[in-house]
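All remarks here apply to the structure that follows.
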Amino acid sequence: ARDMLDIGGSHGYFSVVLCRKHPALRATVLDLPSAVEHAAPLLEREGMGERVVHRAGDALVDDLGEAAYDLILIFSLVHHFDDATNRLLVSRAARALRPGGRLVIGDALRPSSPGKGGQQGAFFDLYFALTSESGLWTVDEMREWQVAAGLTPRKSVSLVPGGGFVLQVAERPSVLGGR
């Protein structure tokens, strides 16, 4: 990957870590103007210069480009939106991916059934329902958004024992019509 878009990345730390690990990678951190204003000093202290830059904007309305990125991250953001808005966001991100590019949705996970999630999942689902009028999503729902956007979902990666936080990766087909 050479070019990455970090949607809703605010502080830019995910981008900084990935760019330090991969010297050829450059990242744009897209977030709302007020988030960029407050996070800019944090990112500046990381000393990444032009390799990790902020861009003030709204991923739901602003142009993300077409086939412009090899990697797009959407971390801790989908819990703020309803299903229709997440479908729109993932569709816009899919268009911005180059063929063979990857979209990674990282978020806390709603359990697939009420009795399987434990207290943490239930707490965060309730919290985001109250503060964002949405809530957590299941892996299957995230995959549905990716498929609807023409992407090929890959196996999800659990970052917390028991599945409390997941990375749901999908790839844009390299060949038109390919899945």
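For the sequence shown, the working numbering begins at 1 and goes up steadily by one. In this text, a Cβ means the ideal position worked out from N, Cα and C, and glycines have one as well.
Out of the options, which one is the CA nearest neighbour of residue i?
i: R55; options: V147, A94 and I7; result: I7
i: V78; options: V175, P173, S174 and F165; result: F165
i: D83; options: R95, D140, L71 and R2; result: D140
i: L64; options: A40, P161 and R95; result: R95
i: L30; options: F14, L42, Y13 and D58; result: D58
i: F81; options: E144, S158, L60 and G100; result: L60
i: T28; options: F14, P161, W145 and K155; result: F14
i: S76; options: W145, Q146 and W137; result: W137
Can you name, in chain order, every residue of its own chain whose Cβ lies under 6 Å from the Cβ of residue i, other than the five neighbours on each side?
i: V16; result: E46, M48 and V52
i: E171; result: R102 and T152
i: L71; result: A1, M4 and R102
i: A68; result: A96
i: L167; result: V104, G106 and V157
i: M142; result: I105 and Q168
i: W145; result: N86, R87 and V90
Buried or exposed for residue i, going by 16 or more other Cβ atoms inside 10 Å?
i: H38; result: exposed
i: R110; result: buried
i: D62; result: exposed
i: A108; result: buried
i: G135; result: buried
i: L159; result: exposed
i: L43; result: buried
i: G12; result: buried
i: S10; result: buried
Using a Cβ-Cβ cut-off of 8 Å (strictly less than) and excluding sequence neighbours within five positions of residue i, which residues of its own chain qualify?
i: A148; result: R87, V90 and S91
i: E66; result: R95 and A96
i: A93; result: L5, I7, A59, L64, I72, I74, L103 and A149
i: P33; result: A56 and G57
Sorted by chain position, which residues of the same chain lie with C-beta nearer than 7 Å to residue i's C-beta, five sequence neighbours on each side aside?
i: L25; result: A1, R2, M4, L18 and C19
I think residue i touches residue j, with their Cβ atoms under 8 Å apart; what is that distance to the nearest whole Å?
i: L73; j: V104; result: 5 Å
i: P99; j: P173; result: 7 Å
i: R154; j: V169; result: 4 Å
- Fully enclosed by the stretch 150 to 179, which beta strand (DSSP E) runs are 3 residues long or longer? Runs of the beta strand (DSSP E) inside the stretch 150 to 179: 165 to 171.
- Task: Could you tell me which uninterrupted beta strand (DSSP E) segments, each at least 3 residues in length, are contained entirely in the stretch 57 to 116, listed from first to last along the chain?
- Result: With a minimum length of 3 residues, the continuous beta strand (DSSP E) runs that stay inside the stretch 57 to 116 are 69 to 75 and 97 to 108.
- Query: Mind pulling the alpha helix (DSSP H) runs of 4 or more residues that sit fully within the stretch 10 to 66?
  - Reply: Correct list: 13 to 21 and 33 to 45.
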